[in-house]
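Asks: The opening residue of the sequence shown carries number 15 in my numbering; numbering runs sequentially from there. Sharing a structure here in structure tokens format.
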Amino acid sequence: MPDNLADLSSSEADQLARDLAERHRSLAAAAAVGRVGVARAEALSAATGTPADPGGAVARLPSAPLRERWGWRRAVRFARERRMYTPEYLRLYARFLSHRLRHPHVDLQGMVFLGRRVELTARRHHGRLQLGPWCWIGNDNKLRAHEGNLRLGPKVVMGRDNV
15 MPDNLADLSS SEADQLARDL AERHRSLAAA AAVGRVGVAR AEALSAATGT
65 PADPGGAVAR LPSAPLRERW GWRRAVRFAR ERRMYTPEYL RLYARFLSHR
115 LRHPHVDLQG MVFLGRRVEL TARRHHGRLQ LGPWCWIGND NKLRAHEGNL
165 RLGPKVVMGR DNV
């Protein structure tokens with residue numbers, strides 16, 4: 015902005031006025047969006063019963079507890095008690111271990127039973143594939159996460175030949 019507005023020509027003054035009006039409109043829109051955001055945060059705080067801190071921001075809820083970890087001893091005891099040591103189960107364990115070793119970027123969050131010719135693909139640094147514990151994935155299934163997240167929770171059962 016020039017020091018002396020009297021030195022501006024009429025076209026320069028018009029351009030300066032247009033620039034200032036545009037700047038004012040953008041700041042007014044940003045302020046309106048901010049007011050709506052604060053109102054939503056206050057409504058959410060009131061609905062959930064969580065107090066807002068003195069600065070006006072909503073206090074965060076505590077994160078959900080992580081899933082319980084079994085450990086290999088408890089898993090072996092569980093399998094022995096339920097007679098999960100037949101040749102078919104041993105093949106399923108071998109497939110699980112081979113998938114875990116060949117695809118470390120796929121998050122297997124527990125024992126996952128995989129059928130024959132199952133394809134688990136997650137594009138590194140772009141896609142994320144998570145399989146919860148005790149999932150059963152049937153023969154010829156293909157689970158692919160090229161971008162974004164694909165998550166199957168605990169105890170999901172998929173039939174065969176799904177893509």
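Note that beta-carbon positions come from the ideal geometry of N, C-alpha and C, so glycine has one too.
In angstroms with no decimal places, state the Cα-to-Cα distance between Ala93 and Pro168.
Replies: The residue labelled residue 93 in the question sits at position 79 within the sequence shown. The residue labelled residue 168 in the question sits at position 154 within the sequence shown. Straight-line Cα distance between these residues: approximately 17 Å.
Asks: Who does Leu157 pair with in a DSSP beta bridge?
Replies: Position 143 of the sequence shown holds residue 157. Its beta-bridge partners are Leu134.
Asks: In the DSSP assignment, what are the bridge partners of Leu128?
Replies: Working through the sequence shown from its first residue, we reach residue 128 at position 114. Beta-bridge pairing links Leu128 to Ile151.
Asks: Across which residues does DSSP place Val171 in a beta bridge pair?
Replies: Position 157 of the sequence shown, counted from the start, is the residue given in the question as residue 171. In DSSP, Val171 forms a bridge with Trp150.
Asks: What is the DSSP secondary structure of Arg116, counted as helix, strand or coil?
Replies: Your numbering for residue 116 matches position 102 in the sequence shown. Arg116 falls in the helix class under three-state DSSP.
Asks: Can you name the start and end residues of the beta strand (DSSP E) that Gly48 belongs to?
Replies: Reading the sequence shown from its first residue, position 34 is the one you call residue 48. Premise fails: Gly48 lies in the alpha helix (DSSP H), Ser24 to Thr62, not in any beta strand (DSSP E).
Asks: Would you tell me roughly how many angstroms separate the C-alpha atoms of Arg130 and Leu58, rounded to the nearest one?
Replies: Against the sequence shown, residue 130 aligns to sequence position 116. Against the sequence shown, residue 58 aligns to sequence position 44. Approximately 48 Å between the Cα atoms of the pair.
Asks: Where do the ends of the beta strand (DSSP E) carrying Arg165 lie?
Replies: By one-based count along the sequence shown, residue 165 stands at place 151. According to the DSSP assignment, Arg165 belongs to the beta strand (DSSP E) that extends over Gly162 to Leu166.
Asks: Would you call the CB atoms of Leu145 and Leu111 closer than 8 Å?
Replies: In the sequence shown, residue 145 corresponds to position 131, counting from 1. In the sequence shown, residue 111 corresponds to position 97, counting from 1. Not a contact, by the Cβ cut-off of 8 Å.
Asks: Val177 to Leu104, Cα distance in whole Å?
Replies: Residue mapping note: residue 177 aligns to position 163 of the sequence shown, counting from 1. Residue mapping note: residue 104 aligns to position 90 of the sequence shown, counting from 1. One C-alpha to the other measures close to 26 Å.
Asks: For the beta strand (DSSP E) containing Arg97, list its first residue and its last residue.
Replies: Numbered from 1 along the sequence shown, position 83 holds the residue referred to as residue 97. That residue, Arg97, is in no beta strand (DSSP E); it is neither H nor E in DSSP.
Asks: Are His160 and Leu134 close, meaning C-beta to C-beta below 8 Å?
Replies: Position 146 of the sequence shown, counted from the start, is the residue given in the question as residue 160. Position 120 of the sequence shown, counted from the start, is the residue given in the question as residue 134. No. Outside cutoff.
Asks: Could you tell me which residues DSSP puts in a beta bridge with Gly141?
Replies: Translated into the one-based positions of the sequence shown, residue 141 becomes position 127. Gly141 pairs with Gly162.
Asks: Which same chain residues, not among the five before or five after Tyr107, have their C-beta less than 7 Å away from its C-beta?
Replies: Counting from 1 along the sequence shown, the entry for residue 107 is found at position 93. There are no such residues.
Asks: In or out: Leu122 buried (at least 16 other Cβ within 10 Å) or exposed?
Replies: Counting from 1 along the sequence shown, the entry for residue 122 is found at position 108. So Leu122 counts as buried.
Asks: Between the beta-carbon of Leu30 and the beta-carbon of Leu41, is there less than 8 Å?
Replies: The residue you call residue 30 lines up with position 16 of the sequence shown. The residue you call residue 41 lines up with position 27 of the sequence shown. No.
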